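Everything on this sheet refers to the single structure shown next.
Chains as they are written, first to last, in my numbering: chain A, 5 to 257; chain B, 5 to 257; chain C, 5 to 257; chain D, 5 to 257; chain E, 5 to 257; chain F, 5 to 257.
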């Protein structure tokens, strides 16, 4: 099968790292196509960043559909634009946060989440609520490590991350840890060896779930909430989504 | 005070209608500046539409800030991009759904919501949850009237809408009705006269709340969750958000 | 418009203070009529006090109705007798706690509440639940300052209050603060200047919401839950509520 | 033991009926003292009625305390003034709704509630939430039988009540029924015989729980939330609650 | 009446202790028959222990039914096999945790639970959720005292238990305490004297509730969820449950 | 990898059917070992059946551990004894209900569950709550087809099942369907072809998740809640769980 693995951040280093993780987790018959948007922010660390990245990400979903992939993975822990992507895709779309929560809940009574900036905590909490995993999560902890600082993790950055993981285990009672950023993907093995508890990387989790759906022949139901959007006019820089004729309008009244 | 009243749909008719409603509700000292994005979908009726409109809408927030408005109103019932807008604005940003729920809860024990397409029901439900009004809402009902069909409401469309409102009152036990689309704004008075219960239009409600905050000197707290986003590089069609130097990157690995 | 601003505590100092706050917030066209019950406790600090004050407060609602006011405000943070007042009033009745939560949620991601006695914490928590704002509140904190000690706030009392506000901001993560007692109304400006975050006084918030409803022509729906109570006999000290003939009955069996 | 069984409605017929039920359920060593307020409404069917009855009821709690009873029962399905009563009483105070929910949950997977006026439904729902029994209740149904019409139940009134009970059983899936008005107390046996499911009358349930607490030596914890109210001045018709000297104050400013 | 008081742990010391507590709480007309399973673990301290004890416990319910008892009490704080027991019993089955929560909620605003091993905390939390008492519980605290160490409580074990109780009162704000193990039953009086707050032992609470139901003539509804299980074949060591003929089957395919 | 696929019902036909489904879903490198208990009920359709089957099932987990399997699947829709199994197993244990909910939530906005007996509805509802999927489920529907009648599905039984599925889709708004009994496993393909929506069989879903965990090297965290039970004495028919010496005790006091 072919998986369109999308890094919604426009930072090449993270895309490469994510691709490597995904490939390490994939079956040999799975082809991982790593992609990222041409437009948008280099990293997603605020609601503003996420709104911009979401619009940009949908172009990459469309490209994947044209390439006839069998699944899309949105490889950013906020699972941005997931519903919109499911509307325009014909094949499954999986977010890495949701995927990580699913597998974590299978191997631990309570899992913790260790993420990047304090500011992104509401995003994690919102996702836990959306997917229904709040009561299975012992807490979300921020490291205040910037997304881009994860491209090449220095020793002290790793120590900070590990210390926060330990607080999640010993203070919050976590029994497994979900890494709250696709950029932490390559640290899974080291953390797992150091902490001796299940460490769940959403990228790898999403790859396995995409393969699972594919092997079972399960696809997004296209009748109802995830049906294709109605055809309509799009203006300006979104004219490529335009299914009708273009229209010009005045802006201020 | 100056209010930036944003129709996130790119349909001029709705923008004009919303502006008229807002002006009818505003104090004489309030200046309503109606605006809409140059980019994006003519109407918002799916998660896909909303993602695109959200990115486009932020440009209009930025313009409003440059025009030194005292508040922004996002005049689409999904309250799209509300958190992102609050991050980049220095003055209050109000969504019309949230505003309508607030005033409705002051005049009725339970209020109903009557909206457009069945497909948008999850949006209303998500907003009720976000704002905490689920238990005060007797139900959300869709009319399956398309947003653009509200531009000039024919008699039969009005009858359909009124019939759905009556079901909300008599079957669900609503005691007030929230109109679930900015495009229904001009029907408030007629529905109110016909149904004899409080009819709450979010556009008018938002204007009053914006004026209230302004008169009390209350603005969005810019420390914490709604602080300004960190400076970072934006690529391609979002370079105008770029605070750093532009960077070029390869896309596929 | 005329607003019946009711202090349900029978302490004149607080009534004067509340009246001053309300007038500072009101439009010039709004007439604030400050009132308080002839009967009942001088301050409300327990469920017992609240039950007595509630019965007494309804007389003041009735007086306001006879004076043809356009709205009633119940200026005690417990929003006592709100439903009962809405049943007997024809115009909107607004509680200051509910009003404060509404405006606070428009300017901050999470707001804190700082109130008087520890014993009143369940009241605040019950109100947050009633109005649906629990998830938007970072916590309720008691100062253990008695209501009557707020009549003339000494320096050390202010310092205590400010210290508790700071704990709400720095320990709980509040981004705005709701003052949990009408008697704190006059400290809004000073706290706002000292703490540099939005400080929401429910009295002022309620005045703006009352004006908003009035300007939009919205009144309590009198069909359904807030309909007028059925006529029935009232005995003893409540005979003035008696719509039927008086009846005498034996008490013990 | 001595139980102060309070009918907060001032209708003698209901008081007598409740007393008879309570006595039928009590141990021979239990002395049921039926009482009702000198003041207040003849029946409680609205929030307004409840606020007035609540203030009046507290006098009867005080009388009971002076009579050195061992427990108080508030025999109105709204459990009015329960927290306030617990503050001023030294012995346990039990509401009949809470008592009924407790016993019902012991004999059925889901119980239904059949009550009087549609308007009182929110009261029942609020009580289910307060006590935490929402998920164990299959639904609350109103018969729209007025409280006073229960004094002498005509055949057709009984048929209506029974029909609503059957709907609770067959449509809602109730497996036991809680009678939602103290005035239905005398119908327990007949309904039980006709419907062949557990019928729980709150008056009887409360008597058994009061006896249970008494036999175990359990009393309300008077430290904390149910501690005695602080001494303070009460004005006007509530001067009998006045622990301090009386104070005169002007009312309007 | 006759009560089948079941200790699902196979430790005779605890059975004796529980029997003594139950007898101290029972009316003189109540006959307490203490029983325990012939099969299963000596103490229940994990989900594994509970599953085994649950199957064993049902035999003791069956014996009680054959002895024509009037109620069964499951005297282990996890209320194991409660639903299954209600299915096979014709008379009420009461769990001691549920019983304790009920009485505790009548004498305190918030109660705390003090239990044995940390590992059993999820059991208590699950029970609070099942019965709907989560919001009335200030917290569950583990002492890490093993169940069997409660058979003869040494001074230092009592001190540990009391210290944890004090933390529940002073740190969590509990106003009454529920003892989270039937084996603590005999410490109720001493803790009550030392701590001066209501101490609720589930064994005593369950006895009073069983008597209450019996005196009111209330039994488990046997139509619906607690109806008798369908007759079917049981294999191997469960053949005594077999209502049909025995059947032999191969195990591995 | 080796998977211990456990049918907790002692009916060979179902075990064979489940094994066939699992094998159709498994990778060629996965070895499915179908097993069932020597003891217990032939089908699980009540809480009583489930308690007995749970104790019996743990023996089969132990056998699997001795056979050095890499994962256990509990192939009964109630996910019986899941926590206990995780305590005694060293490798992952997956329940088919939880597995089905996970995959269903990836391909539909809301999924429905179609199960066997009305009486098992609370089991499904409890599982949705346990796993956090209540808000993603449009409803659980019972067909009242007995588990054993699924061994050889007659045409009319299939028609009934399909009709209930259609009600879930058209009346409840389900967009995917979870089959609520392992015995329906072989109907997945036919229902999928007939209904044209995703049909999720928990057996297949669990196989894919077991493979996913195995490939990622994730196992149950054995520190904390799922740690091995403490060694202790087991009496009678559970002596094979006995890690200590056997002890004899008297039963009745």
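Note that the Cβ used here is the ideal one computed from N, Cα and C, for glycine as well. Bear in mind the structure is a predicted one, so any value in this text is a computation, not a measurement.
Residue 136(C) sits in coil when the DSSP states are folded into three classes, being neither helix nor strand. Beta-bridge analysis with DSSP links residue 180(D) to 115(D). By the CB criterion at 9 Å, residue 94(D) and residue 224(D) fall inside the cutoff. The straight-line gap separating the alpha-carbon atoms of residue 46(F) and residue 186(F) is approximately 14 Å. Per DSSP, the continuous alpha helix (DSSP H) segment holding residue 62(A) begins and ends at 51-70.
Look at residue 48(A) here: in three-state DSSP terms it is coil, with no helix or strand label. When 8 Å is used as the limit between beta carbons, residue 167(F) is near no residue of chain E, the shortest such separation being about 23 Å.
When Cβ-Cβ separations below 9 Å define contact, residue 7(D) makes no contact with chain E.
Burial check for residue 174(F): the Cβ neighbour count within 10 Å stays below 16, so the residue is exposed. Of all residues in the segment 207-239 of chain D, those with a C-beta nearer than 9 Å to a C-beta of chain C are 228, 229, 230, 231, 232, 233, 234, 236, 237, 238 and 239, reading in chain order. Residues of the same chain with a CB within less than 8 Å of the CB of residue 92(A), apart from the 5 flanking positions on each side, are 62, 65, 66, 69, 232 and 233 in chain order.
Cβ-Cβ distances below 8 Å link residue 194(B) to 162 in the same chain, with the five nearest sequence neighbours on each side left out; the list follows chain order. Of the other Cβ atoms in all chains shown, fewer than 16 fall within 10 Å of the Cβ of residue 158(A); this residue is therefore exposed. The criterion of a C-beta distance shorter than 9 Å is not satisfied by residue 179(A) and residue 216(F).
If only uninterrupted alpha helix (DSSP H) runs of at least 4 residues are considered, those enclosed by the segment 164-245 of chain B are 192-199 and 206-220. Under a 10 Å Cβ-count criterion, residue 227(A) is classified as exposed, with fewer than 16 other Cβ atoms of the shown protein chains found around its own Cβ. The beta-carbon of residue 140(A) is placed less than 9 Å from the nearest beta-carbon of chain F. One alpha carbon belongs to residue 100(D), the other to residue 79(D), and they sit about 6 Å apart. Distance from residue 113(D) to residue 229(E) at the Cβ level is roughly 3 Å; contact confirmed, criterion being Cβ atoms closer than 8 Å.
For residue 144(F), the secondary structure class from DSSP, reduced to helix, strand or coil, is strand. With a threshold of 9 Å between beta carbons, residue 179(A) makes contact with chain F. DSSP lists 37(E) and 76(E) as the bridge partner or partners of residue 8(E). Chain-order list of chain D residues neighbouring residue 47(C): 236, by C-beta distance under 8 Å. When the five nearest sequence neighbours on each side are left out, the beta carbons in the same chain lying within less than 7 Å of the beta carbon of residue 23(F) are those of 9, 36 and 38, in order along the chain. Taking 9 Å as the cut-off, the Cβ atoms of residue 184(B) and residue 120(B) count as close. Only buried fits residue 53(C), as 16 or more other CB atoms lie within 10 angstroms of its CB. Going by DSSP, residue 149(F) is part of no beta strand (DSSP E) at all; its letter is neither H nor E. For residue 154(D), no Cβ of chain C is located within less than 9 Å of the residue's own Cβ.
For residue 168(D) against residue 134(D), the beta-carbon gap comes to about 24 Å, at or over 8 Å, which does not count as contact.
Just measuring C-alpha positions, the residue of 58(D), 181(D) and 222(D) sitting nearest residue 200(E) is 222(D). Identification of residues in the segment 44-77 of chain F having a C-beta nearer than 8 Å to some C-beta of chain E yields 44, 45, 46, 47, 49, 50, 51, 52, 53, 54, 55, 56, 58, 59, 60 and 62, given in sequence order. Within a 10 Å sphere around the beta-carbon of residue 109(F) sit 16 or more other beta-carbons, which makes this residue buried.
Our two residues, residue 32(D) and residue 208(D), have alpha carbons roughly 14 Å apart in a direct line. Contact residues of the segment 114-140 of chain D toward chain C are 123 and 126 (C-beta to C-beta distance below 8 Å). Considering only beta carbons, the part of the segment 85-101 of chain F lying closer than 7 Å to chain E consists of 85, 87, 88, 91 and 92, in chain order. Relative to the Cα of residue 165(C), the nearest Cα in the group 137(C), 156(C), 149(C) and 139(C) belongs to 149(C).
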